[in-house]
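Enquirer: Pasting a structure here, questions to come.
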Amino acid sequence: MYRWSRWFLTVALCLLAVWLPQPRANAAQPVYLFLQANGSEIQGESQQVTLGRAGAIECLSYEQSVLVPFERNGAIATGRRQYAPIRITKRIDKSSPLLFKALTDNAVVEGEFRFYRLSPTGDGTTEQYYTVSFQQGRVASVKQVSPDALSPATAEAPPVEEVTFSFAQIGWRYENGGIEHEDFVTIRR
Numbered sequence: 006m007y008r009w010s011r012w013f014l015t016v017a018l019c020l021l022a023v024w025l026p027q028p029r030a031n032a033a034q035p036v037y038l039f040l041q042a043n044g045s046e047i048q049g050e051s052q053q054v055t056l057g058r059a060g061a062i063e064c065l066s067y068e069q070s071v072l073v074p075f076e077r078n079g080a081i082a083t084g085r086r087q088y089a090p091i092r093i094t095k096r097i098d099k100s101s102p103l104l105f106k107a108l109t110d111n112a113v114v115e116g117e118f119r120f121y122r123l124s125p126t127g128d129g130t131t132e133q134y135y136t137v138s139f140q141q142g143r144v145a146s147v148k149q150v151s152p153d154a155l156s157p158a159t160a161e162a163p164p165v166e167e168v169t170f171s172f173a174q175i176g177w178r179y180e181n182g183g184i185e186h187e188d189f190v191t192i193r194r
């Protein structure tokens, strides 16, 4: 009986090791925002000292989109490209009151989002691989959310805020090889 249970336990552990999700080599990393409002730096609370990230605003999520309307058959563009505001989610921190100030003062903001990943060399280091920058922007909205403390799914989650930025100029750069593009947004009056 002892041998049978030992064999069963060994097989069960091997199967469990195969079926359990393995850690990913390129697990999600925060995006770091370096932001200025009317020329003054708005600092966050990033404690990452490597690669100059200390004091940056740590973004838990980042979203940016642009679309060009097309005819139904998709052959001909029917309008100008349309940019949605850049949307981030971040923890509430020392930058929060300054983001509200930039919003209520209609301050001109410019920012640089820096994306990091584990180095493809496999040496365990982190590298900056992508940058999105915007100029002549504004804080378009700030929404603060405190998760439901009674729900087991969100009880441990920190209060966060969703911040959106509109802009007149945007640029994208892939760091390895300096591949980049810049666009100017047409503002309708």
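Sequence positions in the sequence shown follow the working numbering and run 6 to 194. Idealized CB from N, CA, C, for every residue including glycine.
If you count every other CB in all the chains shown that lies within 10 Å of the CB of I62, and 16 or more means buried, which is it?
Expert: Counting from one through the sequence shown, the residue named residue 62 turns up at place 57. Flag for I62 reads buried.
Enquirer: Would you call the stretch 178–185 and the stretch 65–76 in contact, with 3 or more CB pairs under 8 Å?
Expert: Cβ pair count under 8 Å is below three, so no.
Enquirer: Cα separation between T94 and E185?
Expert: Locating residue 94 in the sequence shown gives position 89, counting from the first residue. Locating residue 185 in the sequence shown gives position 180, counting from the first residue. Cα to Cα, the separation comes out at about 25 Å.
Enquirer: Assign W177 to one of three DSSP states: helix, strand, or coil.
Expert: Your numbering for residue 177 matches position 172 in the sequence shown. Residue state, collapsed to three classes: strand.
Enquirer: Can you pull the DSSP bridge partners for F105?
Expert: Residue numbering aside, residue 105 sits at position 100 when the sequence shown is read from its first letter. In DSSP, F105 forms no bridge with anything.
Enquirer: For K123 versus Q34, is the C-beta distance shorter than 9 Å?
Expert: Position 118 of the sequence shown, counting from 1, holds the residue named residue 123. Position 29 of the sequence shown, counting from 1, holds the residue named residue 34. Here residue 123 turns out to be Leu, not Lys, going by the sequence shown. In contact: L123 and Q34 (Cβ atoms closer than 9 Å).
Enquirer: With a 10 Å radius around its C-beta and 16 neighbouring C-beta atoms as the bar for buried, classify I175 as buried or exposed.
Expert: Within the sequence shown, residue 175 is the residue found at index 170, counting from 1. Under this definition I175 is a buried residue.
Enquirer: Could you have a look at G44 and say whether DSSP puts it in helix, strand or coil?
Expert: Here residue 44 corresponds to residue number 39 of the sequence shown, with the count starting at 1. Three-state result, G44: coil.
Enquirer: Could you compute how far the alpha carbon of A107 sits from the alpha carbon of G44?
Expert: The residue you call residue 107 lines up with position 102 of the sequence shown. The residue you call residue 44 lines up with position 39 of the sequence shown. One C-alpha to the other measures close to 11 Å.
Enquirer: Three-state secondary structure (DSSP) at L56?
Expert: The residue you call residue 56 lines up with position 51 of the sequence shown. Correct three-state label for L56: helix.
Enquirer: Within the same chain, show all residues whose beta-carbon is closer than 6 Å to that of D188, passing over the 5 residues directly before and after it, in chain order.
Expert: Against the sequence shown, residue 188 aligns to sequence position 183. For D188, where only same-chain residues beyond five positions count, the Cβ hits under 6 Å are I175.
Enquirer: How would you call L38, buried or exposed, if buried means at least 16 neighbouring beta carbons within 10 angstroms?
Expert: Against the sequence shown, residue 38 aligns to sequence position 33. Answer is buried; the Cβ neighbour count reaches 16.
Enquirer: Fully enclosed by the stretch 123–171, which beta strand (DSSP E) runs are 3 residues long or longer?
Expert: Listed in chain order, they are 131–150 and 165–171.
Enquirer: Any chance the stretch 112–129 sits against the stretch 140–158, with 3 or more Cβ pairs inside 8 Å?
Expert: They touch, by the three-pair rule.
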